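Under full-length UniProt numbering, the first residue of the sequence shown carries the number 1, and numbering increases by one thereafter. No residue lacks a Cβ here, since even glycine has one placed at the ideal position from N, Cα and C. It should be emphasised that the depicted structure is a prediction, and the values quoted were computed from it without experimental measurement.
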Amino acid sequence: MNEAMNATAMNGATSGGPLQGGSSRAGKATAKEDRTAERVVNLLATLSNWAQKSSEPVDSSWLIQKIPGYSELKDPARRLHLDVLLLNKAGAPVRVLSESGKATRYQLLDSGETETITFDEEEAKVIALAAKLGSGTQLSALSRAGWTKIAAANDFVSEPTQLRAVGDDASIAGEDYDQIVQAMVKKSPITFEYRRDPQAAVQAREMEPWHIIAHAQRNYLVGFDRSRRAPRSFRMTRISNVRRLDAQSEQPVPSINDATELLLEQLSSQKVTVRFRGTPDHALAQGAVPQGEEFELVDVSRDWFIREAAQAAPEIVVTAPVDVREAVLALLHQAVQHSQTEVNVGER
């Protein structure tokens, strides 16, 4: 998968319009539907994470063991297969490999253009629940399948769900997320509060949201910043108090590829002042200004420093700013996961 395909956006299976064949009645989900939604969203997120790390399909036995909700079922392999069929129907293309007539391995493929999907009421309710359930790293997989638009187009879930999916390493309030989704679908501008880092002052911003894009295990909102009269990107965990305005967006929405290029350009051009601990003879320290027991680099490329600091760990320990430190740790965590995946694939 190339970087643009790994990046995800609010487009996909339901681009042709709202769901057909399901009731529009609002109502509380049943316990069975809650369990199915939680199981399905975790399945999609797990398949998506696996696909980003390995070109090989994943064994059904591994999925049953790792994903909550399968192992306690009477026939987990059959339930897993039925959930995969629902994923396929919902626009997430999962390849099924069989042996002796039984599905044994699965692989999430890159999604292309799909037709408008027709669900029955129970299926639509489960998908809408799953789309509202996902957050953090799962936003990538859910947006990829177009499920966020399914949730926005249906009022099956009238109250926020209390379910939580596994693997959520980033958070945004459910109400804020719903406001963004609704604004994208209805092509409306939004207002929100933004903090560059936890210690920074709050800034009020007004934006026409275009896409949610996942990059380097982080989710970014990309759109046209009305406050600055230019395209901008914001890390999702840095925004709060989102409100959709009763107005229409004015700027044309770019393609996902163009929006991804814009995000990557903005990230690579960011300049930061960083502080870190390390030995004086290290290359990074030699070009820095000593500040007591630490070193300081002023106006360096954020993207460059993150890569260099990760490669130099543990000799170099970033202390500030917080978002750069978190980015280095995330890159190290990603490298460890990739290494473990290669070992698991080799052992099979």
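Measure from the alpha carbon of residue i to the alpha carbon of each residue in the options, then state which is nearest.
i: Val-272; options: Asp-323, Gln-286, Arg-39; result: Asp-323
i: Asp-83; options: Glu-56, Ala-51, Leu-47; result: Leu-47
i: Ser-249; options: Asp-303, Thr-237, Val-185; result: Val-185
i: Phe-224; options: Pro-189, Met-236, Glu-193, Arg-238; result: Pro-189
i: Ile-239; options: Arg-195, Leu-262, Leu-245; result: Arg-195
i: Ser-308; options: Pro-290, Leu-329, Gly-292; result: The sequence given here has Glu at residue 308, not Ser. When each option's Cα is compared against that of Glu-308, the closest is Leu-329.
i: Thr-104; options: Pro-57, Ser-71, Arg-302; result: Pro-57
i: Ser-301; options: Ala-313, Pro-314, Leu-264; result: Leu-264
i: Arg-235; options: Ser-227, Ala-327, Ala-313, Gln-182; result: Ala-327
What separation, rounded to the nearest whole angstrom, lies between the Cα atoms of residue i and residue j?
i: Arg-243; j: Leu-44; result: 29 angstroms
i: Lys-89; j: Asp-59; result: 21 angstroms
i: Gln-251; j: Glu-208; result: 8 angstroms
i: Leu-332; j: Ala-310; result: 6 angstroms
i: Arg-232; j: Leu-73; result: 47 angstroms
i: Ala-335; j: Gly-69; result: 29 angstroms
i: Ile-213; j: Gln-266; result: 13 angstroms
i: Asn-42; j: Phe-295; result: 42 angstroms
i: Tyr-177; j: Ala-204; result: 17 angstroms
i: Ile-67; j: Gln-179; result: 29 angstroms
i: Arg-164; j: Gln-291; result: The pLDDT assigned to Arg-164 is 33, lower than 50, so where the model puts this residue is not dependable; a value taken from the coordinates is nonetheless given after this. Going from the Cα of Arg-164 to the Cα of Gln-291 covers about 43 angstroms.
i: Phe-305; j: Thr-319; result: 13 angstroms
i: Val-298; j: Val-274; result: 7 angstroms
i: Glu-206; j: Ala-77; result: 48 angstroms
i: Asp-34; j: Ala-92; result: 20 angstroms
i: Arg-229; j: Leu-262; result: 15 angstroms
i: Thr-237; j: Glu-38; result: 22 angstroms
i: Leu-142; j: Val-181; result: The predicted position of Leu-142 is uncertain, since its pLDDT is 47 and thus under 50; a value taken from the coordinates is nonetheless stated next. Rounded to whole angstroms, Leu-142 to Val-181 spans 12 angstroms at the Cα level.
i: Ala-51; j: Pro-314; result: 29 angstroms
i: Ser-61; j: Lys-53; result: 19 angstroms
i: Ser-98; j: Thr-36; result: 24 angstroms
i: Glu-175; j: Asp-75; result: 37 angstroms
i: Lys-187; j: Thr-260; result: 19 angstroms
i: Ala-31; j: Gln-270; result: 47 angstroms
i: Ala-183; j: Arg-226; result: 15 angstroms
i: Tyr-106; j: Tyr-220; result: 29 angstroms
Could you spell out where the beta strand (DSSP E) holding residue i opens and where it closes?
i: Gln-291; result: 289-291
i: Asp-299; result: 294-301
i: Arg-228; result: It is not in any beta strand (DSSP E) - Arg-228 carries neither H nor E in the DSSP assignment.
i: Thr-319; result: 317-320
i: Arg-238; result: First-last for Arg-238: undefined, no H or E at that position.
i: Thr-273; result: 271-277
For residue i versus residue j, is the C-beta distance shorter than 8 angstroms?
i: Leu-80; j: Val-40; result: no
i: Asn-241; j: Phe-276; result: no
i: Val-202; j: Trp-210; result: no
i: Gly-287; j: Val-317; result: no
i: Ser-268; j: Asp-303; result: yes
i: Leu-108; j: Val-94; result: yes
i: Ile-64; j: Ser-71; result: yes
Over what stretch of residues does the alpha helix (DSSP H) that includes residue i continue unbroken?
i: Ile-190; result: First-last for Ile-190: 190-194, but that is the beta strand (DSSP E), not the alpha helix (DSSP H).
i: Gln-286; result: 283-286
i: Ile-64; result: 60-66
i: Ala-201; result: Careful: Ala-201 lies outside any alpha helix (DSSP H) and carries neither H nor E.
i: Glu-33; result: 31-53
i: residue 349; result: With the chain covering only 1 through 348, there is no way to say anything about residue 349.
Does the count of Cβ pairs from the segment 249-263 and the segment 277-287 closer than 8 angstroms reach three?
no
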